[in-house]
Amino acid sequence: MLSDELISNLRRIVGPSQVSVSRANTELYSYDASLAKGQPGVVVFPGNTGEAARIVKIVHQADIPFVPRGFGTNLSGGTVLVSGGVVICLSRLNRIIDISPQRRCAVLQPGVTNLELQDALAPLGFFYAPDPASQKVATLGGNVGENSGGPRCLKYGVTTNHVLGMEVILASGEVVRIGGAAYDPPGYDLRGVMVGSEGTMGIVTEVTVNILPLPEAIITLLVIYDDIADAARSVTDIISAGIVPTTLEMMDAPIIKAVEDSYACGYPRDAAAVLIIEVEGLPVGLQDQVAQISELCRKNQCRDIHEAKDDSERNRLWEGRRGAFGAVARIAPNYLVNDCTVPRTKLPEALSRVAAIVKKYNFEHGNVFHAGDGNLHPLIFFDSRDADQLKRVKKAGWEIMEACVGLGGTISGEHGVGLEKLDAMRMVFNEQDLSAQRALQQAFDPGKILNPGKVIPLSDKKENTLDLSPSGKIGASSTGIAAEAEIIDKIQHAASTGKALLPTGCGTLRHFGNLSNGTAEFLNSSELNEVIEFDPNNQVVTAGAGLALDRLQGELADKNQWLPIRPLFSIQSHSIGGVMALGACGPERMHYGAPRDLVLGLRFINGSGQKISTGGKVVKNVAGYDMTRLMIGSAGTLGLITEVTCRVTTIPERCTAISAEGSLAACAALAGKLITSQLSPVFVAAIPANKADAKIDNESWKLMTGFEGFEKIVAEQLKRTANMLEKDGLELKNQEEYPVQDGIFGDIYIELGQSAFVLRADVPLDEVAGFVEFFSSRLTDANMFVDFGCGRMLAGFEVMQDEVWRQICDLCDQRNGHVLMERAPVEFKKQNDVFGTARPEWQIMHRIKAALDPHTIFAPGRLPGKV
Amino acid sequence: MDRTDISKYYDEISQCNRCGFCQVACPIFRSTGHEAGVARGRLALLRAIIEGRLEWNQEVEEPLFDCLLCGACTANCFAAIPTSDLVIKARAQYLEKVGRKSIHRLLFDQLLPYPRRLHLAARAVALGKNTGITDLARALGLLKIFGRDFVHANEIVERFPTQAFRDQIKTGVHQGQGQSLRIGYFIGCGVDIITQDAGHATLRLLKKIGKTVNVLENCCCGLPAWSYGDLKAARKLAARNLSILVSEKFDVIVTDCSSCASFLKNYPQLFPEADKHHEKSQAVSARVKDMVQLIHTMQAYAPSSDSAVTVTYHHPCHATRGQGLAKEPDEILNRLPGVEYRPLLEADWCCGGAGSYGFSHYELSQQVLDRKMDNLKKTGANLLVTSCPACIMHLSYGVRKHGLNTKVCHISELVI
Ligand SMILES: Cc1cc2nc3c(=O)[nH]c(=O)nc-3n(C[C@H](O)[C@H](O)[C@H](O)COP(=O)(O)OP(=O)(O)OC[C@H]3O[C@@H](n4cnc5c(N)ncnc54)[C@H](O)[C@@H]3O)c2cc1C
Ligand code: SF4
Ligand code: SF4
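For the protein sequence lines, the chains are A and B, in the order given. The letter at position 325 of the first sequence is residue 325 when you use my numbering, and the numbering goes up by one with no holes. The letter at position 30 of the second sequence is residue 1030 when you use my numbering, and the numbering goes up by one with no holes.
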């Protein structure tokens, strides 16, 4: 398959020593850290993006499969080529390109390891949240490929929650930039789609990630148990109590022993299980959390609670935890690691089912896992040299996945599907779901040469198209079912007649997007308006897309919980589906994340009238492509969202904003300090202080900073912020409490929302003030809202010259940002694209749209590029 | 014949569960990014050979012979798989199956057992210009510097001592000022032939500590032959040394070469329990001390100069991982008056000086060395101290190549 000509061309690109074709090399690249085996034809080591792109071009021309590879530590067969092809190894692209604390981001080549990044950030007082146990040998490219998680992800989320943008080589060899330092580019969430795509959609040659200030204090607890079930129940109780520690890890007896045999890390050899619990933040209030957690652990019969006394003790504990997989090599030559995730409340049951299955197949096993996320890692010990053991262990693995899916979980929380879990994909997705995912992949790789045979099993024509997936079985009420049937009818009718449909929820967001040719009929989800399932102990809710946000919040509030989104403008009357479809959020995004960070799964009806499920109901899930994030922010262009499952959280004890006035420059400088400080403001925003005076000047602005959470911690943060404000010469105004669901900006949004034009611009965090200055010099009587925490500016105004619009677009472009006219009169829309300057990444969006909405019936005009 | 069969080690080799943790600190892997250069890859190849998927042929030469045997992989492997030992065994089998070069036969059989012949040969190498000798230079593991730096031969020749260190100080018993300790001084080839300043400093120190210092007539410790995979030659050298080292005339055997020290401590592993040398080797190895250990036990240190110096330290592989001497040098340097100690980043990473014989590894060892030099520059130290002559040579070369003013020396030279 690999011609001599191809090989010599590869050698010409990278030099002879960077192309390996020997038999030995086929052996060396036949494996990764999983049990999968394959046989590549040739291995190439590009030294830069240009070389990598040229390699892809000629490989693409020759129609030969290829796979990007980092350090080959994935646990799913993700880098194993089954039968020939080219391994493109990115280990030489190992430069840290830029670290910018002011922008809270870092730009890296994909071969930089997670730990190298952490080591570079720590002296600057920053860290990168995802911390896979393999961090010292896992590259960022691999982290992106697998959507890796780690102990800290309980508090901070996984890789996808921290990737802002990337440079990608597509299957054709074309190099495209996706996203960047500025948040939420318009159109589909391509970076969300790329993350976790396991090297099947493109080669990442540069990645921009979000970084965070290191916490001021950390307390690490080692909680010791004589019974593993007690440990599991403690985890459930801690989560149910609404406490979110930074880490909540578990290890059981066999693992503890293996780890201690390797290095003395300080784990008690006679324990049945231990929990490693870490809390961090400001010192004040930290001991309260420790006390709360300790009480729950004691209630569950823990033997002892030990607090790490210093960094070295803490590091040793973590060293042991991270080395656990490696350490079991002392027990048996191989291990099969399962990566199922279950609802946190089901942990005790899941552990006992796993134990029963392992016993049935006559193996030994150990558990070391991210308990707080419900992400199990039972390691089954065996010897791959024994064919019978290999067969049995795979069966046991399969049954464990079945058991966990049966408990409402999924087959993989962070290790990916790769080759090893291909067939298991059918446990969580039906054929329709899978074919939607296939279509998504092919929009990136029509020739199916990128890491073929991974993630999605080949299509199974036999399976009927009835909705049989486990997720599909969760029923809405009969009105819901009837409403769905009606929607499906409408879609099928539209598909056959070529009529356009505009999905809506409560109809509050209809003005969005470019103009479309002809009229579109509304497709309404407002009858799908129930809370379908609310598991308060697990802090997860599933609701019909037509349910209004305020009604959802009402139901959650009964259990002292809420969905931490306060969308802009008419806030609470939006439908939950509409909020998700537009990815709408306010300046609280800096703390709570955007809708993309809160949704766990959803269902939608596609252009063929099929019900498609994405994601699941567990907090960590990498089974299949991330269709969930594709749908969020897709503005109805791919189908009608019917149901959404979200992570919710405990209502904060106190919400208070502190305000101060000063010049724009002074506000920006202070915002910069707050953003890079160890405080955790929920928002840092500013408005012109002098609204009576129609003209905006740069001298009088009002900076508003919000804090939410435990009373004590909020009070401390307010105190410190007040000090900072005063020290910097801002004029301290008031402190104001506000209701948790509505927030504090209601009036400001209403005013903004009444303008003929509403503009949203996103730029890197440290560029906001400069942009605002430019903007206010052009549009002196605009209403403005500046969100320093998210690098965003909103403005409402009545007149906009095309010329000024072009200048704004250009400026945003130059500053690596983007601009979106959220609302504009028809006349303006006739002349301009409301999404601003065209970007190469839009073409990928158009291909996705064509693949998933082949009859082009949904929401014309709502995709950038007038599609 | 000394048959090696790596399938004897199938269990150990299969223990590698491919977690990849060894990738973090393998200097070769970090330079090349190639799987062939890391423990996981080397073990995978051995497994493939045992399982019949690969043959013993030249394809496996590079993965087997570009290993620095630095042990960093094992230190990062929770299963503690002794990759460097396994690689040595595999090299031995490779030599049997694919053949060993005549130049190595000459080196291990004819030169290393005889310190004087070795000295002469080394001089010849330094002075000679014909290619045959260049080959030998490369083969002389300890004298790598000549092989690599042959274009700069003149520079080295200038400093090439005309007389072996052992000949300058005379073997046999020297009287010291110490109370009771009787010391046997084992002079490694490196100190004997090249880094003689270190030797002089060590001897002076030993005389301060010991009641007597017995300068031994030992030959090469055998490590180069062992590393190359010529186990038979290594055992022969070890046996020669054992006959000298068993003597009751000294309480401790001290060497200022950490590589020698670590290998001497490992002598019992060379001889199976049934072997007649086994017991002897145990008795000897128990008495071996690295010079670093001896200095560490000294009560008072005299600074080497009046003016304050900034010092940094390179931890040789055979000191940290070979003997577990990780904190001793730091403690010594922190206690030394007049010394500002600035720790080196990745201080225990191999400097690249070890075990690279061929031309093909020249580039590689330079990449490893360059990384070391970059870290050195960050310290701004004017003295780079270490405890192994091979490292001193290689690091000095690096310092010169990078045009730095830093001086490289043995820890004995700093303390006296
Ligand atoms: C001991 C051990 C512990 C682990 N612990 C964790 C853990 O706690 N959490 C966790 O999430 N994972 C864990 N893993 C799994 C693994 O380390 C992660 O998946 C890691 O992110 C893989 O990184 P890598 O560089 O080895 O990537 P590889 O294995 O080389 O590649 C992983 C995937 O990403 C793709 N890929 C690689 N580079 C690129 C690129 N530049 N562009 C596009 N695609 C690319 C590949 O095609 C492949 O599909 C562990 C593994 C081991 C062995
Ligand atoms: S660290 Fe050990 S077990 Fe892991 S891959 Fe390397 S040699 Fe194998
Ligand atoms: S001994 Fe050193 S060079 Fe050899 S594999 Fe191990 S770490 Fe790499």
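Even glycine gets a Cβ: it sits at the ideal position worked out from N, Cα and C. This structure is a prediction, so every number in the text was calculated from the model and none was measured.
Indicate whether at least one CB of chain B lies closer than 8 Å to the CB of residue i.
i, result
"K136(A)", "yes"
"T497(A)", "no"
"C919(A)", "Because residue 919(A) is not part of the residues shown, which for chain A are 1 to 867, the question remains open."
"F45(A)", "yes"
"A24(A)", "yes"
"V555(A)", "Looking at the sequence provided, one finds Glu at residue 555(A) rather than Val. So no, E555(A) is outside the interface."
"S76(A)", "no"
Taking 8 Å as the threshold (beta carbon to beta carbon), is residue i in contact with chain A?
i, result
"E1279(B)", "no"
"F1271(B)", "no"
"C1391(B)", "no"
"L1045(B)", "yes"
"L1455(B)", "Here chain B covers residues 1001 to 1416 and nothing more, so residue 1455(B) does not appear."
"A1072(B)", "no"
"Q1023(B)", "yes"
Run through chain B and tell me which residues come within less than 9 Å of residue i, C-beta to C-beta.
i, result
"N451(A)", "The premise fails here: N451(A) is roughly 18 Å from chain B at the closest Cβ pair, so nothing lies under 9 Å."
"C89(A)", "G1033, H1034 and E1035"
If you run the structure through DSSP and keep just helix, strand and coil, what is residue i?
i, result
"R839(A)", "coil"
"E822(A)", "strand"
"V618(A)", "coil"
"A851(A)", "helix"
"E420(A)", "coil"
"F1065(B)", "helix"
"G1353(B)", "coil"
"S869(A)", "Outside the displayed range of chain A (1 to 867) lies residue 869(A), so it cannot be described from this structure."
"I454(A)", "Note that residue 454(A) corresponds to Lys in the displayed sequence, not to Ile. Reduced to three states, the DSSP call for K454(A) is coil."
State the CB to CB distance for the pair residue i and residue j, rounded to an integer number of angstroms; the pair is presumed to be in contact (CB under 8 Å).
i, j, result
"G409(A)", "L154(A)", "With a Cβ gap of about 16 Å, G409(A) and L154(A) do not count as contacting."
"A623(A)", "I411(A)", "5 Å"
"H591(A)", "S76(A)", "That belief does not hold up - the Cβ atoms of H591(A) and S76(A) are roughly 33 Å apart, past 8 Å."
"K454(A)", "V417(A)", "7 Å"
"I658(A)", "F785(A)", "In fact, because the Cβ distance is near 17 Å, the residues do not count as touching under 8 Å."
"T1083(B)", "R1018(B)", "Their Cβ separation, rounded to whole angstroms, is 13 Å, which puts T1083(B) and R1018(B) out of contact at 8 Å."
"V599(A)", "T650(A)", "With 8 Å as the limit, V599(A) and T650(A) do not qualify as a contact, their Cβ atoms being about 18 Å apart."
Residues of chain B with CB closer than 8 Å to the CB of residue i, please, in chain order.
i, result
"F363(A)", "What F363(A) touches in chain B: nothing, since even the nearest Cβ is about 15 Å away."
"S83(A)", "Within 8 Å Cβ-Cβ: nothing; S83(A) doesn't reach chain B, min ~16 Å."
"G323(A)", "F1021 and F1078"
What number of angstroms, rounded off, separates the C-alpha of residue i from the C-alpha of residue j?
i, j, result
"F569(A)", "L434(A)", "37 Å"
"P652(A)", "P739(A)", "10 Å"
"S30(A)", "K1097(B)", "25 Å"
"V870(A)", "V86(A)", "Missing from the structure shown is residue 870(A); chain A here goes from 1 to 867 and no further."
"C340(A)", "A329(A)", "22 Å"
"N375(A)", "V368(A)", "10 Å"
"Y1313(B)", "E319(A)", "25 Å"
"A824(A)", "K830(A)", "10 Å"
"K1420(B)", "N48(A)", "Residue 1420(B) is absent from the model: chain B starts at 1001 and stops at 1416."
"H846(A)", "G513(A)", "15 Å"
"T721(A)", "Q843(A)", "45 Å"
So which residues on chain A does residue i lean against when the C-beta distance must stay under 9 Å?
i, result
"E962(B)", "For chain B, the structure presents residues 1001 to 1416; residue 962(B) sits outside this window and is missing."
Quick one: which chain A residues come within Cβ less than 7 Å of residue i?
i, result
"S1014(B)", "P333 and R385"
"A1048(B)", "E27"
"A1090(B)", "What A1090(B) touches in chain A: nothing, since even the nearest Cβ is about 13 Å away."
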